[in-house]
Amino acid sequence: MQNKVGIIGDIIHTAYLCGGVVLQTFWEQEFKCPVCAKTFHSIRVFSDAIKIKDRDSDLKPTYDGVNALLFQPVTCPNCLYTTFESDFEASLSQTQKELLTKLCEKLKTLLSVDLSKERTLKDGASLFTIAAAVYSLLGKHLRAAESYLKLAWIFRDMNNHTEETKAITGALKHFTESYKTEELSEDQQIMVLFYLGELNARLSNKKEAVKWFSTLIQKFGNSNSVYVKLARKEWQEVTMRK
Ligand SMILES: [Zn+2]
Numbered sequence: 117m118q119n120k121v122g123i124i125g126d127i128i129h130t131a132y133l134c135g136g137v138v139l140q141t142f143w144e145q146e147f148k149c150p151v152c153a154k155t156f157h158s159i160r161v162f163s164d165a166i167k168i169k170d171r172d173s174d175l176k177p178t179y180d181g182v183n184a185l186l187f188q189p190v191t192c193p194n195c196l197y198t199t200f201e202s203d204f205e206a207s208l209s210q211t212q213k214e215l216l217t218k219l220c221e222k223l224k225t226l227l228s229v230d231l232s233k234e235r236t237l238k239d240g241a242s243l244f245t246i247a248a249a250v251y252s253l254l255g256k257h258l259r260a261a262e263s264y265l266k267l268a269w270i271f272r273d274m275n276n277h278t279e280e281t282k283a284i285t286g287a288l289k290h291f292t293e294s295y296k297t298e299e300l301s302e303d304q305q306i307m308v309l310f311y312l313g314e315l316n317a318r319l320s321n322k323k324e325a326v327k328w329f330s331t332l333i334q335k336f337g338n339s340n341s342v343y344v345k346l347a348r349k350e351w352q353e354v355t356m357r358k
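Quick note on the working numbering: the sequence shown kicks off at 117 and runs consecutively.
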């Protein structure tokens with residue numbers, strides 16, 4: 117049984133009670149892997165089940181209940197090809213397929229990942245590591261940057277400061293490339309400029325952080341974007357740091 121958006125509809129878990137009504141946390145969606153052509157079901161999280169109780173200054177969410185971040189990537193259980201959901205079934209050229217097959221074969225020897233609903237922070241770190249490698253190979257800098265950023269968030273939850281710093285450095289490299297070379301919408305430019313400021317601030321590159329926050333405010337100061345509001349606050353904080 118499958119409807120036109122590929123929803124299988126198997127409710128595989130009921131996780132919490134809300135006002136006496138049982139709400140479902142997980143469901144399964146069918147995908148076809150563009151690399152190895154296998155069809156599989158991926159565990160997704162209902163948006164109603166996602167509760168964010170707090171955010172860090174770089175907008176890293178802390179969840180109440182299921183850690184939805186761990187379920188954001190879609191991964192082929194056969195070859196481990198991994199991207200964000202909206203990109204997963206995008207068509208690939210023959211050359212891209214061959215390069216990705218080689219990449220995934222190599223990653224399979226290095227990583228083992230639990231794709232069940234019981235997945236851990238370590239599994240999540242593996243998934244975003246694969247996604248970052250896939251997007252880097254495809255030359256999609258904004259998506260590679262987002263993968264590294266989310267990898268950094270997972271390492272923060274694991275209290276692994278060294279790996280978090282490495283992931284932030286990877287995110288910065290790709291946000292920089294994206295800003296220089298990719299065609300970005302206004303919303304994307306705002307987000308990229310915010311992270312160029314914020315991640316430089318996190319790496320104690322004060323001068324660079326101030327440069328990017330001021331560029332954001334100069335170019336998009338009139339925008340109502342949450343990134344612009346945050347940038348003003350962060351800019352002040354960085355400027356006051358010794
Ligand atoms: Zn596959």
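Note that CB positions come from ideal geometry on N, CA and C, so glycine has one too.
*asked:* Please give the ranges of any alpha helix (DSSP H) in the region 190-247, keeping only runs that are unbroken, at least 4 residues long and fully inside the region.
replied: Listed in chain order, the alpha helix (DSSP H) elements of length 4 or more contained wholly in the region 190-247 are 210-226.
*Would you list the residues sitting across from valine 161 in a DSSP beta bridge?*
DSSP, once it has assigned bridges, lists Phe142 as partnering valine 161.
*asked:* Tell me whether asparagine 112, by its Cβ, gets closer than 7 Å to a heavy atom of ligand 1.
replied: This structure gives no information on residue 112, because the portion of the chain shown stretches from 117 to 358.
_Comparing C-alpha positions only, which one of Pro189, Tyr179, Asn194 and Ser242 sits nearest to glutamate 279?_
Ranking the options by Cα distance to glutamate 279, first place goes to Ser242.
*asked:* With three or more beta-carbon pairs closer than 8 Å as the criterion, would you say the region 251-260 touches the region 224-240?
replied: No: fewer than three Cβ pairs fall under 8 Å.
_Whole-angstrom distance between valine 308 and phenylalanine 291, CA atom to CA atom_ = Going by the C-alpha atoms only, they are around 6 Å apart.
*Please classify arginine 318: is it buried, with 16 or more other beta-carbons within 10 angstroms of its beta-carbon, or exposed?*
With 16 or more other Cβ atoms from the protein chains shown falling within 10 Å of its own Cβ, arginine 318 counts as buried.
*Could you give the distance in angstroms between the alpha-carbon of serine 263 and the alpha-carbon of cysteine 220?*
Distance from the CA of serine 263 to the CA of cysteine 220, rounded to the nearest whole angstrom, comes to 16 Å.
*Just tell me which of Thr245, Leu215, Ser209 and Ser320 has its CA closest to the CA of leucine 226.*
For the residues Thr245, Leu215, Ser209 and Ser320, the minimum Cα distance to leucine 226 belongs to Thr245.
*Looking at lysine 213 and ligand 2, is the gap between the Cβ and the nearest heavy atom below 7 Å?*
Ligand 2 is not part of the structure shown, which contains ligand 1 as its ligands.
_Taking its Cβ as the centre, do 16 or more other Cβ atoms sit within 10 Å of glutamine 210, making it buried, or is it exposed?_
Residue burial annotation: glutamine 210 is exposed, with fewer than 16 other C-beta atoms found within 10 angstroms of its C-beta.
*How long is the line joining the alpha carbons of asparagine 316 and asparagine 194, rounded to whole angstroms?*
One C-alpha to the other measures close to 38 Å.
_From Leu346, Gln304, Gln140 and Phe147, residue whose alpha carbon lies closest to that of valine 182_ = Residue Gln140 is the option with its Cα nearest to valine 182.
*Starting from isoleucine 168, trace the alpha helix (DSSP H) both ways and give me its first and last residue.*
Per DSSP, isoleucine 168 belongs to no alpha helix (DSSP H); it is in the beta strand (DSSP E), 168-171.
*Can the beta-carbon of proline 150 be found closer than 8 Å to that of serine 202?*
Not a contact, by the Cβ cut-off of 8 Å.
*So which residues touch the region around ligand 1, with touch meaning a C-beta under 6 Å from any heavy atom?*
Answer in sequence order: Cys149, Val151, Cys152, Lys154, Cys192, Asn194, Cys195 and Tyr197.
*Locate the beta strand (DSSP E) running through proline 150, then write down its first and last residues.*
Per DSSP, proline 150 is not a residue of any beta strand (DSSP E), being assigned neither H nor E.
*In terms of DSSP beta bridges, what is threonine 178 paired with?*
Bridge partners of threonine 178: Asp170.
*What are the start and end residues of the alpha helix (DSSP H) that includes leucine 332?*
Its alpha helix (DSSP H) spans residues 322-336.
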